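So the mapping is simple: our numbering equals the position in the sequence shown, first residue as 1, plus 78.
Every residue gets a Cβ at the ideal spot worked out from N, C-alpha and C, and that includes glycine.
Quick caveat: nothing in here was measured; it's all calculated off a predicted structure.
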Amino acid sequence: MKRNLSLFVALLAFLLSSCTDTKKIAEYQDQVRRLESQILKERQENAELSSFRFSLESQFKKKNEDYMKCQEDSKDTFETLTIKYNRLLDDYNKIQASYKSLNETYESNKENSAKVIAELEERVRNSKASKSKRRRR
Numbered sequence: 079m080k081r082n083l084s085l086f087v088a089l090l091a092f093l094l095s096s097c098t099d100t101k102k103i104a105e106y107q108d109q110v111r112r113l114e115s116q117i118l119k120e121r122q123e124n125a126e127l128s129s130f131r132f133s134l135e136s137q138f139k140k141k142n143e144d145y146m147k148c149q150e151d152s153k154d155t156f157e158t159l160t161i162k163y164n165r166l167l168d169d170y171n172k173i174q175a176s177y178k179s180l181n182e183t184y185e186s187n188k189e190n191s192a193k194v195i196a197e198l199e200e201r202v203r204n205s206k207a208s209k210s211k212r213r214r215r
């Protein structure tokens with residue numbers, strides 16, 4: 079009986095230890111499944127983030143190229159506008175000089191015309207006066 083009792087205790091200890099090992103194995107397997115699931119999620123997130131990063135890098139490159147092109151276009155536009163402005167300024171100065179010359183000519187002609195008119199009026203008066211004197215005689 080002592081032998082049976084020790085066999086029973088040994089059997090019970092074995093069963094308890096084997097149950098404990100089975101529980102631990104089940105816990106470990108569950109933990110492994112959770113960790114594998116987490117790793118899979120992390121890989122998916124990493125792939126999504128890599129794709130998003132690639133998309134952002136592509137957008138940045140495109141925007142940077144657009145910006146550089148805009149800078150070049152602005153430079154060309156500024157240079158073109160400067161040239162056009164200088165041409166317009168030259169034309170304005172020429173027109174202003176022509177206007178000044180034309181205005182001086184007009185004023186001169188106006189004065190000459192006034193003198194000629196005054197002389198003609200004087201002649202007409204003199205002519206009328208001399209005709210009146212002739213008639214009186």
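Residue i versus residue j - alpha carbon distance
i      : j      : result
Phe130 : Gln116 : 21 angstroms
Ser205 : Ile195 : 15 angstroms
Val110 : Ala125 : 22 angstroms
Lys139 : Phe156 : 25 angstroms
Arg121 : Ser133 : 18 angstroms
Glu182 : Asn190 : 12 angstroms
Ser128 : Tyr163 : 51 angstroms
Val202 : Asp168 : 50 angstroms
Cys148 : Ser176 : 41 angstroms
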